[in-house]
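Asks: Pasting a structure here, questions to come.
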Amino acid sequence: MIEFESLLRAMPDERVVGIALGQADPLQRLARGAALLAGAQGEGTEAHRAREALVRALRGLRRTAPSELRAWLDAQAGRSPACDWVAARLFSEVGDGEAAAQAWARVIEREFGPRAERHLARGRLRAETGDVAGACADLREAFREPASHRDLERGAKLLARLREAGSPLPAARRLKVALLGGFTTQLMRPILDVSCFAHGIDAEIYEAEYGLYRQEVLDRASGLHRFRPDVVLFATHWRDAQLPPLVEDADAAVERIVGGLEALWAICTAELRAHVIQHNFDVPAAESYGQLSRALPGGRTRVLARANLELLARARDGVSILDFDGAAAAFGKERWSDPKLWYLAKQHPAPEAIPLWVDHIVAQLRALLGLSKKVLALDLDNTVWGGVIGEDGLEGIRLGAHSPEGEAHQGLQRYARELRERGIVLAVCSKNNEADAREPFEAHPEMMLRMEDIAVFRANWKDKASNLREIASTLGLGLESFVFVDDNPTERAWVRREIPEMAVPELGSDPAAFLRLLDRGRWFEALALSEEDRLRAADYAANAQRVELASAATNMDEFLASLEMTATVGAFDAVNLARITQLVNKSNQFNLTTRRYTQEQLRAFAESPDHVTRWFRLRDRFGDNGLIGVMLGAVDEAAAALEIDLWLMSCRVLGRRMEELMCGTLMQAALERGLTRLRGRYIETAKNGMVAGLYPRLGFKDCGAPGPGETVWEYDLRSQPSIQCPLVRLEDGSV
Amino acid sequence: MSDLMERLTDVFREVFDDQDLEISDATVAAEVPDWDSLNHVKLVVAIEEAFAVQFSNREIAGWENVGDMRRALDAKLSG
């Protein structure tokens, strides 16, 4: 038997487990199990499968030899993460949730084994004991990285169970999504649900019968219209274009396909005030005309490609196109569709392709809600360049065209620089002597990144979580808007543990793959590129200069005066609506009510006679801050009052007395309409504590608290003078 | 219970989200709550994913009870 056990130790393999343990008596099985487990300690897939096979082989003992199994588990627990994994699985089988939870906690602490499995297992245990918040945290942790259809399906079940408890789950945002499929969406729906949740969106999903998307939109009494969605997703695919392999008139075909959809979008944006996400067409891999399908002007492949371009050309405000064809290509068209499931259940695409497709959708929803990331924080040694600058020196680090490794690091730098050009803020967070860390930025010829590209540079020996917190507060941005890139798994694990809301993608060990692994998270997705986005990175650099100037100036007013600030004010207009929507949906700190509105709703306010809308831009001698403030007032004729429904400002212009100018502007608007009172409301959130005292500071009178965390304030425009802001000049021609 | 039947039971429990679900060769769809056409498709997908096998629609159409599923699976795994 000794020989057999040493054989097991040497060859832990799923196939031998059953044979090895199958015939023995309980004690012998457990002894062999221990030998097998001793040999299957690794992180690899084979070792993991062997451990799972061991769990299956031993769990029968819970009935036949419960006390022996129990003793064995107590002996295994705590020995190593691999032993804890097996113990945790079997503790659950014997019904000892507490011991299982402890074993999972140790596994999780070490980040051992498949991420989704370990967190879903603990999440289920937590759900059983009523720890909803803990279970939700595990759900999010489970799906930090791309996951399989099967794991997501399991996660969706856990989410459904948590929802049954009734109370709203913790989430950054809630969103009503209508799913209109040209094919059946029943397998996709739970995956969309749990993927949204993992990214902080608690989605309420309405799913139409497949193939009925036109009727749902056209029939005003349909479930879609009753549902009042925030977002309508047209999940269509190539068959919905209803194209024969060859058409006579390709122009007419494109018009029929795209024009038909465009009419449906118009109803969704105008009547439902919903944002539309429209699939483009996934060009099928199998074509009867072969390459002629692309070569002939009327060929199906060619017409679909043209229709895809035309969709982009016609997508106006409130409509974004989802690259379904790109998702298919990235997944691999050969495997993208499962013909069997199409014939069986009108299922498209193949179940394994659903997670990637859903990732595309969730990235767009995040962008729509202003939840996309804004900052890329970079480690330096072995991430931005190969080697350790403090040891290898400027000549010794690997960077640039001289080595394949150096090219990979340079590629990542180029990617970061391109992100910066489109408005993503770059920061450095590394463990180095600062002078060493700066040297390549200043003197290495192959560097793609320069000091001026980095908004905040933190190279020291403090722990990285503390440094990242500091960087966030220097930038005035939340930790949840960061992506942190570090080659060192220990640092990654530490930051994830300390700052769960930060995205810290797995990068593997090969620098050649860093860029792709970072990119596949779709962290920085945006629906449009605004002027503000392009200015933003430069803006943060200018802000850093302002911070320096501020610390030099002793008198705050003197400092503010030296900034030579000029504001421009206007009512909501088409040009600024996209930026206004962005700001309304992402501002958390200087935000009195934190009410979120879609672009369509904001457009409606602009057109409404009962509302006063204002946007604010601010520039100073360091540059243009762009559109940084939004106010919305609702006229209450009966009370002769203007109620402030929205008042928010970008964090990058905090402390500039801009709030006085904003408030004064709204007072002016109220007076012009013959109103005598300005009413404000403060609704407390986890993040807007900085404006809790704003209304009393500006001279508003306390009018009580209509609900918990909510206070109402009024300013009497007859007895009190309008607020002035002498430090900010108002641009001529402003409203 | 055979190892295969035990693993198949795991898949059923997962799909129907019921940890106490027991199945045997004689179990038919009508006996299991929620075994509708959608869950049937989910079951096929889950079994294919769990055991890394593929069934044809002809094979799927021929299944009358769990025993048929188990035998089809057994044949794939040993074939």
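Line by line, the protein sequences give chains A and B. Residue numbers are given in my numbering: position 208 of the first sequence equals residue 276, and the series is strictly consecutive. Residue numbers are given in my numbering: position 55 of the second sequence equals residue 653, and the series is strictly consecutive. Think of the CB as a built atom: it goes at the ideal place given N, C-alpha and C, for glycine as much as any other residue. Bear in mind that the values here come from a model prediction, so they are computed numbers and not experimental data.
1) Tell me which residues share the same chain as residue 649 of chain A and place their Cβ nearer than 8 Å to its Cβ, disregarding the 5 neighbours each side in the sequence.
2) What's the C-alpha gap between residue 749 of chain A and residue 412 of chain A?
3) For residue 190 of chain A, collect the residues of the same chain with a Cβ closer than 6 Å to its Cβ; drop the 5 residues on either side in sequence, then sort them by chain order.
4) Taking three-plus beta-carbon pairs below 8 Å as touching, is the stretch 576-587 of chain A in contact with the stretch 512-528 of chain A?
5) What's the gap between the Cα of residue 322 of chain A and the Cα of residue 708 of chain A?
6) Nearest-angstrom Cα distance between residue 779 of chain A and residue 533 of chain A?
7) Hey, is the stretch 624-635 of chain A in contact with the stretch 344-353 of chain A, meaning 3+ C-beta pairs nearer than 8 Å?
8) Is there a Cβ of chain B sitting closer than 8 Å to that of residue 419 of chain A, yes or no?
9) With a threshold of 8 Å, are at least 3 pairs of Cβ atoms found where one atom belongs to the stretch 268-276 of chain A and the other to the stretch 238-254 of chain A?
10) Among residues of its own chain, excluding the 5 on either side of residue 332 of chain A, which ones have a beta-carbon nearer than 6 Å to its beta-carbon?
11) Is there a C-beta anywhere in chain A that falls below 8 Å from the one on residue 616 of chain B?
12) Determine which residues share a DSSP beta bridge with residue 270 of chain A and list them.
13) Of all Cβ atoms in chain B, is any one closer than 8 Å to the Cβ of residue 124 of chain A?
14) In chain A, what lies closer than 7 Å to residue 630 of chain B by C-beta?
15) Name the two residues that bound the continuous beta strand (DSSP E) containing residue 702 of chain A.
16) Using a Cβ-Cβ cutoff of less than 8 Å, which residues in the same chain neighbour residue 500 of chain A once the five nearest sequence positions on both sides are dropped?
17) Under a Cβ-count criterion, where at least 16 other Cβ atoms within 10 Å of its own Cβ denotes burial, should residue 727 of chain A be classed as buried or exposed?
18) Let me check you understand the geometry: is the CB of residue 691 of chain A closer than 7 Å to at least one non-hydrogen atom of the ligand SAM?
19) Tell me, please, whether the CB atom of residue 408 of chain A is closer than 8 Å to any CB atom in chain B?
20) Comparing alpha-carbon positions, which option in A:122, A:737 and A:107 lies nearest residue 605 of chain B?
21) Please determine, among A:355, A:427, A:544 and A:290, the residue with the shortest C-alpha to C-alpha distance to residue 443 of chain A.
22) When DSSP labels each residue in this structure, what does residue 653 of chain A get in the three-state scheme?
23) Kindly indicate which residue of B:656, B:609, B:676 and B:650 has the alpha-carbon position closest to the one of residue 637 of chain B.
24) Do you know offhand how far residue 194 of chain A's Cα is from residue 119 of chain A's?
25) Is there a C-beta anywhere in chain B that falls below 8 Å from the one on residue 412 of chain A?
26) Closer than 8 Å, Cβ to any Cβ of chain B: which residues of the stretch 255-270 of chain A, in chain order?
27) Could you check what DSSP says for residue 539 of chain A in three-state terms: helix, strand or coil?
28) By how many angstroms is the C-alpha of residue 611 of chain A removed from the C-alpha of residue 51 of chain A?
29) For residue 699 of chain A, collect the residues of the same chain with a Cβ closer than 7 Å to its Cβ; drop the 5 residues on either side in sequence, then sort them by chain order.
30) Counting C-beta neighbours from all protein chains within 10 Å, is the total for residue 769 of chain A 16 or more, i.e. buried, or is it exposed?
31) Within 8 Å of any Cβ in chain B, is that where the Cβ of residue 415 of chain A sits?
32) Are there 16 or more other CB atoms within 10 angstroms of the CB of residue 144 of chain A, so buried, or fewer, so exposed?
33) Excluding the 5 residues preceding and the 5 following residue 420 of chain A in the sequence, name in chain order all residues of the same chain whose CB lies nearer than 6 Å to its CB.
34) Quick check on residue 369 of chain A: buried or exposed, where buried means 16 or more other Cβ atoms within 10 Å of its Cβ?
35) Please name the residue, chosen from A:379, A:287 and A:362, that lies closest to residue 304 of chain A on a Cα-to-Cα basis.
36) Under 8 Å between C-beta atoms, does residue 305 of chain A make it to chain B?
Replies: The short version:
1) Here residue 649 of chain A corresponds to residue number 581 of the first sequence, with the count starting at 1. Within the same chain, Cβ atoms closer than 8 Å to the Cβ of residue 649 of chain A are found at 665, 666, 667 and 670, the five residues on either side in sequence being excluded.
2) In the first sequence, counting from the first residue as 1, residue 749 of chain A sits at position 681. In the first sequence, counting from the first residue as 1, residue 412 of chain A sits at position 344. If you take the alpha carbons of residue 749 of chain A and residue 412 of chain A, they lie about 56 Å apart.
3) Looking up residue 190 of chain A in the first sequence gives position 122. Cβ contact annotation for residue 190 of chain A (same chain, cutoff 6 Å, sequence separation greater than five): 172 and 206, in chain order.
4) no
5) The sequence position of residue 322 of chain A within the first sequence is 254, counting from 1. The sequence position of residue 708 of chain A within the first sequence is 640, counting from 1. Each residue's Cα considered, the two are about 54 Å apart.
6) On the first sequence, residue 779 of chain A is found 711 positions in, with the first residue counted as 1. On the first sequence, residue 533 of chain A is found 465 positions in, with the first residue counted as 1. Between residue 779 of chain A and residue 533 of chain A, the C-alpha separation is close to 35 Å.
7) Contact between the stretch 624-635 of chain A and the stretch 344-353 of chain A is not established, with fewer than three Cβ pairs separated by less than 8 Å.
8) Locating residue 419 of chain A in the first sequence gives position 351, counting from the first residue. With 8 Å as the cut-off, residue 419 of chain A counts as an interface residue toward chain B.
9) Yes, since at least three Cβ pairs between the stretch 268-276 of chain A and the stretch 238-254 of chain A fall closer than 8 Å, the two stretches touch.
10) On the first sequence, residue 332 of chain A is found 264 positions in, with the first residue counted as 1. 285, listed in sequence order.
11) By one-based count along the second sequence, residue 616 of chain B stands at place 18. For residue 616 of chain B, the answer is no, since every Cβ of chain A falls outside 8 Å of its Cβ.
12) The count along the first sequence starts at 1 and reaches residue 270 of chain A at position 202. Residue 270 of chain A pairs with A:242.
13) What you label residue 124 of chain A is simply residue 56 of the first sequence in a count that begins at 1. So yes, residue 124 of chain A belongs to the interface.
14) As a working mapping, residue 630 of chain B is identified with position 32 in the second sequence. Within 7 Å Cβ-Cβ: nothing; residue 630 of chain B doesn't reach chain A, min ~16 Å.
15) Numbered from 1 along the first sequence, position 634 holds the residue referred to as residue 702 of chain A. 691-704 is the span of the beta strand (DSSP E), which, as asked, contains residue 702 of chain A.
16) Numbered from 1 along the first sequence, position 432 holds the residue referred to as residue 500 of chain A. Within the same chain, residue 500 of chain A has close Cβ partners 448, 449, 457, 458, 527 and 528.
17) Position 659 of the first sequence, counting from 1, holds the residue named residue 727 of chain A. It counts as buried.
18) For the structure depicted, the ligand SAM is absent and the ligand set is empty, with no information on it obtainable.
19) Here the question's residue 408 of chain A lines up with position 340 in the first sequence. Residue contact check for residue 408 of chain A against chain B: a CB pair falls below 8 Å.
20) Working through the second sequence from its first residue, we reach residue 605 of chain B at position 7. With distances taken between Cα atoms, residue 605 of chain B lies closest to A:122.
21) Along the first sequence, read from residue 1 onward, the residue named residue 443 of chain A stands at position 375. Per the Cα distances, A:544.
22) On the first sequence, position 585 is the one that residue 653 of chain A refers to. Residue state, collapsed to three classes: helix.
23) As a first step, residue 637 of chain B is located in the second sequence; it is residue number 39 there, counting from the start. It is B:609.
24) The count along the first sequence starts at 1 and reaches residue 194 of chain A at position 126. The count along the first sequence starts at 1 and reaches residue 119 of chain A at position 51. Rounded to the nearest angstrom, the two C-alpha atoms are 23 Å apart.
25) The sequence position of residue 412 of chain A within the first sequence is 344, counting from 1. Judged by the 8 Å Cβ criterion, residue 412 of chain A is in contact with chain B.
26) 255
27) The residue labelled residue 539 of chain A in the question sits at position 471 within the first sequence. Helix, per DSSP.
28) There is simply no residue 51 of chain A to check, as chain A begins at 69 and stops at 803 in what is shown.
29) Here the question's residue 699 of chain A lines up with position 631 in the first sequence. 682, 712, 714, 715, 730 and 734.
30) Counting from 1 along the first sequence, the entry for residue 769 of chain A is found at position 701. Flag for residue 769 of chain A reads exposed.
31) As a first step, residue 415 of chain A is located in the first sequence; it is residue number 347 there, counting from the start. Yes, residue 415 of chain A lies at the interface with chain B (some Cβ there is under 8 Å from its Cβ).
32) Counting from one through the first sequence, the residue named residue 144 of chain A turns up at place 76. Buried: at least 16 other Cβ atoms inside 10 Å.
33) Reading the first sequence from its first residue, position 352 is the one you call residue 420 of chain A. Once the five neighbours on either side are set aside, the close Cβ partners of residue 420 of chain A are 217.
34) One-based indexing of the first sequence puts residue 369 of chain A at position 301. By the Cβ neighbour-count rule, residue 369 of chain A is buried, with 16 or more other Cβ atoms within 10 Å of its own.
35) Here residue 304 of chain A is taken as the residue at index 236 of the first sequence, counted from 1. Nearest C-alpha to residue 304 of chain A: A:379.
36) Translated into positions along the first sequence, residue 305 of chain A becomes position 237. No, residue 305 of chain A lies away from the interface with chain B (no Cβ there is under 8 Å from its Cβ).
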